[in-house]
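Respectively, the protein sequence lines represent chains A and B. Going by our numbering, the first residue of the first sequence is number 1, and it counts up by one from there. Going by our numbering, the first residue of the second sequence is number 1, and it counts up by one from there. Notes follow once the structure below has been shown.
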Amino acid sequence: MRKIINTFLLILILMSLGLAQSILIPMDLSQTDHLKSYGVAYWTLQRGINVEWLLNYRGGSFLIESFVGLENECLIRGVHFEKINASGVNQIYANIEEQNMERVLLEKAPKIAVYTPPNTQPWDDAVTLALTYAEIEYDKIYDTEVIAGKLPEYDWLHLHHEDFTGQFGKFYGSFRNAPWYIRDVQINEALAAELGFKNVPQAKGVVAREIKQYVMDGGFLFAMCSATDALDISLAADGVDIVDIPFDGTPPDPAYRNKLNYQESLAFENFTLYTDPNVYEFSDIDIPPSFAPRLRGPENDYFTLFEFSAKYDPVPTMLTQNHVGIIKGFMGQTTMFDRNFIKPSVIIMGEVENSREVKYIHGNSGKGTYTFYGGHDPEDYTHAVGDPPTQLELHKNSPGYRLILNNILFPAARKKKLKT
Amino acid sequence: MKFQVIVYAIIILISSLNAQNKISPVQTLLPQQNERRDQQQFRTAQSYINHNRYTAAIPILEDLVIRNPQNNTYYDWLLRSYLMISDLNKADSLVSYMLTREPDDPRFQIGKADILYRQGMEKEARQMWEKILHQNATNLNIYAQVANTLIENRLWDDAVKIYLQAIETIPNAAHFYMNIANLYKSRLMYMEATDYYLKYLSVQPQQQGFIFNQILAFQIPEEQQKEFLQILEKRAEEPDQAVEIKLLLAQLYQRYRRYGDALTIYIQLEQVKGDDLRMLQFAQAAERDSVYEVALKAYQFIIRQNPASKQNFLAYQGVVSCRFQLARQNNEPRYAEKAIELIDTMSTRFPNQPELYRLRYLQGMFQLTYYFDIDGALSIFSKIMTSKNVPADLSNLVTIESGECFLLKGQLKEAMHRFQQVNHPSYQGYALLWQAQTSYYMKNWEMSKQLVQELINSQGTNSAVANDALSLQMRLNYSQQHEVILSKLSEADLLVFQQKKSEALKISLELVEMTTIPAPLKSRIYQDICQLSLDLENFVTALEYSKIALEDPAISAYADQPLFLMGTILENYFQKYQEAFFAYRDLLDKYPHSIHAEDCRLRMRQLREKEGWELP
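Okay, here's the thing in C-alpha cells:
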C-alpha cells in the first residue's frame with residue numbers, strides 16, 4: 001500500500017514539475033513596454049522572489065517562476081509576457097549554454113537613492129523620470145544626508161545634472177539674473193552655511209569625497225550628464241580653489257593647474273579646466289564642448305554598444321543589455337567623454353566608432369563600481385533649460401533609457417566569481 | 001605698481017608700433033573715417049562680448065583704448081572684459097596707466113579699488129571707496145558707480161548703504177530707491193523690494209503704473225504668497241500711502257485669484273476715489289475666471305454707484321450673463337428669472353443698443369438648454385433674426401441655433417432652410433455640417449454625401465467639425481448596399497438628438513436583430529443600446545446587451561468595445577468590482593492594442609486599490 005502511495009506521490013510531483021509555469025518577459029522587439037518590464041522585475045524582487053536575467057537572450061529577457069499576481073501586474077503595467085512550461089525553460093537554458101548568453105540570478109531589490117536638490121530646477125532628470133515611469137521606488141537625498149553619512153544605507157546612488165565643483169552648474173553666463181538661478185544659489189549657499197562650510201565649492205568638495213568613499217566601500221554609483229565630469233573634477237581638485245569670484249568671492253588659485261591630483265578622480269585624468277565663469281563648460285573632458293557648435297544633427301548622431309562575452313564579462317554585459325546595438329545620441333552639458341582623458345582601467349561600453357567620443361563607461365573603485373553615461377535625456381536630443389519633461393509614455397521602448405535601467409538591476413545580481 | 005605701469009606702457013608702445021605697421025592705410029584716412037572705423041570695431045567687440053567671447057573682444061578693445069585713451073566707453077568695456085576673465089594683472093595695468101594720465105579721475109580710482117578688492121585687499125579697497133565718496137560727496141554718478149562695483153563683487157548690503165547715503169546727502173537722489181528695489185528684486189527679496197518701490201512711489205506718484213507692474217511681475221513661490229500678502233495687508237492699515245497700498249493689494253489679490261478679497265478692497269477704494277473703469281475691468285476678469293458670484297457683485301456695485309449713467313450698459317450685460325451662469329451652476333432658476341427681468345428693463349432703457357440682442361440670445365439659450373423649452377427659445381431667436389441692427393456674427397449664430405430648434409421639433413425642411421441662410425465665415429463649417437446631418441435625417445443620402453465632401457474641401461480635415469463630418473461619411477458609405485438599415489439608423493440618430501431615448505432604443509433593438517447588418521454598424525448599434533439603456537437607468541438591459549454583443553460572432557473584431565462597456569457597467573452601476581476587473585483583464589489579454597487598453601490598466605489599478613477588496 002505504502003509503495004502505491006509513494007508511486008502516486010512521485011507521479012504527482014513529476015506532473016506538477018511538468019506543469020510548473022514560468023513567465024518570460026522578452027526584451028526584444030516583441031516587448032510592448034521595455035521600461036516598465038524593469039519595474040516588474042524590481043517589483044518581483046521586492047516580494048522576495050528571485051528573477052533570472054537572461055543576458056543576451058531575446059534582448060536580455062527576464063524569467064520568473066509564476067506566482068499569484070504576476071500576470072495581473074504585467075497586464076496592468078502593459079508589459080508583454082509569455083507563459084513557458086518547464087520543458088520550454090529547459091530549452092531556453094540549453095540555448096543559453098550554447099551561445100554568447102548567460103543566466104544571472106537577481107536576488108534583492110536594491111535600495112535606491114537619487115541625489116537631487118530640494119528646490120525644483122527647470123530641467124528634468126532622466127533617471128528620476130525612468131524610475132517613476134517604471135514604478136521603481138527611490139529616496140531623494142542631498143548634501144545634508146550625504147554629510148550626515150546616510151549613503152551606506154543605499155545600494156545604488158544616482159547623480160544627474162549636478163555640479164560638485166560649486167559653480168552652480170556654470171549657468172552664470174546665461175542665467176545669472178534668472179529667478180531660478182538666484183534661488184538655487186541662495187538655497188545652496190544657505191545649505192553650505194548650515195552644514196558649517198565657508199562656501200558652496202567647499203561643501204560640494206566634501207560631498208564629492210563622501211560619494212567616492214561610498215563607492216570605495218562597495219556602493220554602486222550611476223552618474224549622467226554633468227555629474228560625471230563635475231564629480232571627477234571636484235575629486236581631483238581637493239583643497240584647490242578652481243572657481244572664480246561669482247561663486248566663492250575669490251579668483252581661482254593661479255597655480256591650480258599644477259595642483260590637480262588625477263589619482264583622486266574616478267574615471268578621468270589629465271584634463272584641463274575652464275574656469276571662466278561665463279563659459280558653460282567645466283573642462284575638456286566633454287566632447288563636443290558645450291560652447292562649440294555640433295556638426296552632426298540628431299539624424300546622424302548615434303553611438304554603438306560594445307558586445308561583451310556574457311559568460312566571461314557578465315557585468316558590462318548586464319549594463320549593455322538592449323534590443324538594439326546602435327542607439328540615438330543625445331546632448332547634455334556633458335554630452336560625451338573625450339577618449340584621451342579616460343583612465344586606462346575604465347571599461348568603454350558605448351562609443352561613437354572611429355572617433356574620440358565615448359558615451360558610456362564603467363569602472364571599479366575599491367569595493368564598488370561606477371557607471372558614467374554622457375548626455376542629459378536619451379529621448380530629447382537637446383534638452384534645454386525650461387523645456388518640459390519628456391513623456392516616457394511616448395518612449396516605452398527607448399534603448400537609451402534601457403541603459404539607465406540596466407544599472408538599477410545590476411546591484412541585485414548575485415555576486416559570483418568571474419571567469420576571467 | 002610702477003613696474004606694472006611700465007609694463008603696460010611697453011605693451012602700448014609695442015602695440016602702437018604694430019598698429020602703425022598693420023593699419024598704415026588708416027593713416028591716410030580722414031578723422032571722420034577713423035572715427036567711423038573705430039565705431040565699427042567697437043560694435044564688433046560688443047558683439048563678441050554679448051556672446052561671452054571676451055578673449056576675442058579684448059584685442060579689439062585694447063587697440064581702441066590705445067588709439068583713443070580719452071574715450072571712457074572703450075576703457076569701461078576693456079576693464080570689464082579683463083575682469084570677466086579674471087585677468088587682474090592686465091586690468092591693474094590698464095587702470096594704473098589711466099591713473100598716470102588722469103590721477104584725480106574718480107572713474108579710474110573706483111576701478112583701482114575694485115581690482116584691490118578682487119586681489120584680496122578688502123580693507124584697502126574699502127578705504128579707497130570711502131575716500132572717493134568723501135571727495136565727491138555731491139556727485140550722484142560716483143555713488144552709482146561705487147554701488148555698481150560693490151554689486152559686481154556680491155557686496156549687496158554695502159551697495160544698499162551707499163544708495164541710502166546718497167539719498168540722505170543729495171536732494172534729488174530719490175531714484176536710488178528704485179535701484180535698491182531692483183537690487184532686492186534681483187535677489188528675490190520681494191518684501192524688501194516692495195518697500196523700496198513704495199518709497200520711490202511716494203516721491204514719484206506719477207510712476208504708479210510702472211511701479212505696480214514691477215511688483216505684480218514678482219514670481220513669488222506659491223507657499224510664500226500668503227505671507228507676502230499678510231505683510232502688505234498690515235501696511236495697508238497704516239495711514240501713509242494707504243490708498244496706493246490698498247490698490248496694489250487688490251491687484252495682487254486679483255493676480256492670485258483671491259477675487260473676493262480683491263472686491264472688498266476695490267469697494268473700499270471706490271468710496272474714497274471712484275473709478276468705474278477699474279471696477280468694470282475687475283468684474284470682467286472675475287467673470288472670465290468663472291467667479292460669477294464676485295463678478296455679479298462687482299457689476300451690481302457699478303450700477304448702484306452711478307445708476308443714471310448710460311455707460312453702465314456693460315455692467316448690466318455682465319449682470320445678466322453672470323445670473324444665467326449662476327442659474328446653471330447652482331441649478332437655481334431664480335437667477336435666470338431675474339436676468340430676464342433685467343433684460344426687459346434694459347430693452348426699454350437702451351432701445352437701440354445692438355449688443356442687447358446678445359443678452360436675448362443668452363436668454364434663448366437658457367430657455368433651450370435649461371428648460372428644454374424649444375418654442376420659447378425659437379420665439380426669442382426669431383425675434384432677434386427679424387430685428388434690425390443685429391451684429392452679423394450674432395445673427396448667423398442665432399440662425400444656426402434656430403435651425404437646431406427646428407430639428408428638435410422634427411421640422412427638417414425648416415431646419416435645412418435656416419442652415420442654408422448662414423453666410424458668416426466663422427459659422428460656415430458648422431452650417432455645412434448641420435445641412436449634411438439634416439439631409440441624412442431626411443434620408444437624402446446623395447445630398448448629404450455632397451455636403452460632407454463640400455465641408456471637407458472647404459474647411460479641411462483639421463477643422464473643428466471634421467471628425468463629425470468623417471463619422472457621418474462613414475455611415476453614408478452604406479447607403480447603397482444597406483439602405484434599409486441606414487434609413488432606420490438615421491431615424492434612431494434623429495430621435496437621440498431629440499432626446500427621445502426610449503423610442504431610439506426601440507429602433508436600435510429592432511435594428512440589431514436584423515441580419516446582413518455590417519459589422520461596424522452593428523458594433524455601434526450595440527454601443528448605442530447600452531448607452532441609451534444606461535441613460536434610461538435600465539442597467540440590466542445595458543449589461544445584458546454588452547454580454548450579447550460580446551458573444552456575437554459577427555462583431556468579434558470589435559469585441560473590445562462591449563468588453564470595455566461591460567467592465568464599466570459592472571464597475572459603476574453594479575459595483576461588481578471583481579467581475580469588472582476580470583472584464584478589463586480579459587480585454588488586455590485578448591486585445592492588447594485596443595484603444596481602451598490604457599483605460600483598462602488605469603481602472604484595474606484603481607480597482608485593486610479599493611478598500612476591503614482583495615486582488616483576484
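Glycine included, each C-beta is placed from N, C-alpha and C at the ideal position. This structure is a prediction, so every number in the text was calculated from the model and none was measured.
Asked                                                                                                                               : Found
Beta-carbon proximity list for leucine 201/B, same chain, < 8 Å, skipping 5 on both sides                                           : Gln207, Gln208, Ile211, Gln241 and Glu244
Bounding residues of the beta strand (DSSP E) (the contiguous stretch that carries valine 358/A)                                    : 357-365
Any chain A beta carbon closer than 7 Å to methionine 604/B                                                                         : yes
Own chain residues within Cβ distance below 6 Å of threonine 382/A, not counting five before or after                               : Met331
Test: leucine 14/A CB closer than 7 Å to a CB of chain B                                                                            : With a pLDDT of only 48 at leucine 14/A, under the threshold of 50, the placement of this residue in the model should not be trusted; the figure read from the coordinates follows. Cβ-Cβ to chain B under 7 Å: no for leucine 14/A.
Residue range of the unbroken alpha helix (DSSP H) whose run includes methionine 318/A                                              : 314-319
Sequence-distant residues of the same chain with beta carbon closer than 6 Å to glutamine 473/B, five excluded per side             : Val452
Where the alpha helix (DSSP H) containing valine 51/A begins and where it ends                                                      : First-last for valine 51/A: 51-55, but that is the beta strand (DSSP E), not the alpha helix (DSSP H).
Amino acids of chain A, ordered along the chain, whose beta-carbon sits closer than 9 Å to that of tyrosine 54/B                    : Asp276 and Asn278
Three-way DSSP call (helix, strand, coil) for threonine 371/A in this model                                                         : strand
Three-state class that DSSP yields for glutamate 351/A in the structure shown                                                       : strand
Residues bridged to threonine 304/A [DSSP beta-bridge criterion]                                                                    : Ile326/A and Glu351/A
Under 8 Å from the C-beta of asparagine 258/A: neighbouring residues of chain B                                                     : Ordered by position in chain B, no residue passes the 8 Å Cβ test against asparagine 258/A, which lies about 18 Å from the chain.
The region 57-69 of chain B: positions lying closer than 9 Å to chain A by Cβ                                                       : none
Glutamine 46/B at chain A interface by Cβ criterion, 7 Å                                                                            : no
Leucine 140/B vs isoleucine 170/B beta-carbon contact at 7 Å                                                                        : yes
Burial state of glutamine 367/B (16 or more Cβ within 10 Å)                                                                         : buried
Range of the contiguous alpha helix (DSSP H) that encloses arginine 334/B                                                           : 333-349
Pair within 7 Å by beta-carbon distance, aspartate 197/B and glutamine 214/B                                                        : The amino acid occupying residue 197/B in the given sequence is tyrosine; aspartate does not appear at that position. Taking 7 Å as the Cβ cut-off, tyrosine 197/B and glutamine 214/B qualify as a contacting pair.
Endpoints, the alpha helix (DSSP H) within which tryptophan 43/A is located                                                         : 34-46
Chain-order list of residues whose beta-carbon lies under 7 Å from that of leucine 602/B (same chain, five-residue window excluded) : none
Straight-line gap, glutamate 357/A to leucine 235/A (C-alpha atoms, nearest Å)                                                      : 23 Å
Reduced DSSP secondary structure (H/G/I, E/B, other) of aspartate 139/A                                                             : strand
Sequence-distant residues of its chain with Cβ nearer than 6 Å to alanine 113/B (five each side left out)                           : Ala125, Met128 and Trp129
Simplified DSSP assignment, three categories, for arginine 65/B                                                                     : Strictly speaking, residue 65/B in this sequence is valine, with arginine absent from that position. In the structure shown, valine 65/B sits in a helix (DSSP, three-state: H, G or I).
Check whether methionine 279/B and tyrosine 259/B have beta carbons under 7 Å apart                                                 : no
For alanine 113/A, the three-state DSSP class (helix, strand or coil)                                                               : strand
Cβ pair aspartate 276/B, isoleucine 302/B closer than 7 Å                                                                           : yes
Beta-ladder partner(s) of lysine 83/A, from DSSP                                                                                    : Ile23/A
Separation of glutamine 499/B from arginine 475/B, as counted between CA atoms                                                      : 21 Å
DSSP-derived helix/strand/coil call for alanine 413/A                                                                               : strand
Where threonine 149/B falls, given that 16 or more other Cβ within 10 Å makes a residue buried                                      : buried
Cβ-Cβ separation, asparagine 396/B to histidine 417/B (assumed contact under 8 Å), whole Å                                          : Contact doesn't hold; Cβ gap of about 14 Å is too wide.
Residue burial classification, leucine 319/A (beta-carbon count within 10 angstroms, cutoff 16)                                     : buried
Residues from the region 392-408 of chain A in contact with chain B, defined by Cβ distance under 7 Å                               : none
Counted within 10 angstroms of its Cβ, other Cβ atoms place glutamate 281/A as buried (16 or more) or exposed                       : buried
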